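Undergrad:
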Amino acid sequence: MAPRSTTQDPPMSTDPSPLAGGLLIGLSAAMLILLNGRVAGVSGLVANLARPLGGRWLADLAFILGLILGPPLFMRLSGHWPAMRIEAGLPVLILAGILVGFGTRLGSGCTSGHGVCGLARLSPRSLAAVLVFVGTGMLTVAAVRVLS
């Protein structure tokens, strides 16, 4: 087992951006279900884009475009890109994407559908899904720390 670092974690950020982002995600999810009767499960919305044009196709496209255009809008308003750090190479990212796609099909949804919307609606299935993917994430982090 690798020795623990003796450096302390940095203090919690007082940046209001995460709070604003969380509020916008919640507002978007609430508006989508109230105005369109759809749960804001991003994997389901993206999957729906591959189907023939229908009544919900344009609304799903608008929601996904809003997600894609968020970072450029952030940059325009703040003057800098959101901070990101991706340490994995392209093959690992491709494999991760495939595994996430498989997991969303297996679990009948993704973190946004189960974690944001499902838990808010007190769905037992969503609670089970969230416990599984959070637990799996914790085990993965622990395994990576032990192996590195």
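Sequence positions in the sequence shown follow the working numbering and run 1429 to 1576.
Beta carbons: idealized from backbone N, C-alpha and C, even for Gly.
None of these values were measured; they are calculated from a predicted model.
Using 7 Å as the threshold, is the C-beta distance between Gly1469 and Ser1540 below it?
TA: Counting from 1 along the sequence shown, the entry for residue 1469 is found at position 41. Counting from 1 along the sequence shown, the entry for residue 1540 is found at position 112. Cβ atoms of Gly1469 and Ser1540: closer than 7 Å.
Undergrad: Kindly indicate which three-state DSSP category Thr1568 falls into: helix, strand or coil?
TA: The count along the sequence shown starts at 1 and reaches residue 1568 at position 140. Three-state DSSP puts Thr1568 in a helix.
Undergrad: For Asp1443, count neighbouring Cβ atoms within 10 angstroms of its own Cβ and tell me buried if that reaches 16, exposed if not.
TA: The residue you call residue 1443 lines up with position 15 of the sequence shown. Result: exposed.
Undergrad: Since Gly1543 and Val1560 should fall inside the 8 Å C-beta cutoff, what is the C-beta to C-beta distance between them, to a whole number of angstroms?
TA: Sequence index remark: in the sequence shown, residue 1543 carries index 115 (1-based). Sequence index remark: in the sequence shown, residue 1560 carries index 132 (1-based). Incorrect: roughly 11 Å between the Cβ atoms, too far for contact.
Undergrad: How many Å lie between Arg1573 and Arg1549 at the Cα?
TA: For the purposes of this step, residue 1573 is identified with residue 145 of the sequence shown, where counting begins at 1. For the purposes of this step, residue 1549 is identified with residue 121 of the sequence shown, where counting begins at 1. Rounded to whole angstroms, Arg1573 to Arg1549 spans 35 Å at the Cα level.
Undergrad: Give a yes or no on whether the C-beta atoms belonging to Leu1477 and Asp1488 are separated by under 7 Å.
TA: Along the sequence shown, one-based indexing puts residue 1477 at 49. Along the sequence shown, one-based indexing puts residue 1488 at 60. Taking 7 Å as the Cβ cut-off, Leu1477 and Asp1488 qualify as a contacting pair.
Undergrad: Give me, in chain order, the residues of the same chain whose beta-carbon lies closer than 8 Å to that of Ile1427; leave out the 5 immediate sequence neighbours on both sides.
TA: Absent from the structure is residue 1427, since the part of the chain shown begins at 1429 and ends at 1576.
Undergrad: Anyone know if the C-beta pair for Cys1545 and Val1474 falls short of 7 Å?
TA: The residue you call residue 1545 lines up with position 117 of the sequence shown. The residue you call residue 1474 lines up with position 46 of the sequence shown. No, Cβ-Cβ distance for Cys1545 and Val1474 is not below 7 Å.
Undergrad: Could you spell out the range, first to last residue, of the alpha helix (DSSP H) harbouring Leu1580?
TA: Because the chain spans 1429 through 1576 in this model, residue 1580 falls outside it and cannot be assessed.
Undergrad: Secondary structure at Ser1536, three-state DSSP: helix, strand or coil?
TA: Here the question's residue 1536 lines up with position 108 in the sequence shown. The answer is coil: DSSP assigns Ser1536 none of H, G, I, E or B.
Undergrad: I'd like to know whether the C-beta atoms of Ser1536 and Leu1547 end up nearer to each other than 7 Å.
TA: Translated into positions along the sequence shown, residue 1536 becomes position 108. Translated into positions along the sequence shown, residue 1547 becomes position 119. The answer is no: Cβ separation not under 7 Å.
Undergrad: Between Pro1499 and Pro1510, is the Cβ-Cβ spacing less than 7 Å?
TA: Taking the sequence shown and counting its residues from 1, the one referred to as residue 1499 is at position 71. Taking the sequence shown and counting its residues from 1, the one referred to as residue 1510 is at position 82. Cβ atoms of Pro1499 and Pro1510: closer than 7 Å.
Undergrad: What would DSSP say about Pro1510, mapped onto helix, strand or coil?
TA: Locating residue 1510 in the sequence shown gives position 82, counting from the first residue. Reduced to three states, the DSSP call for Pro1510 is coil.
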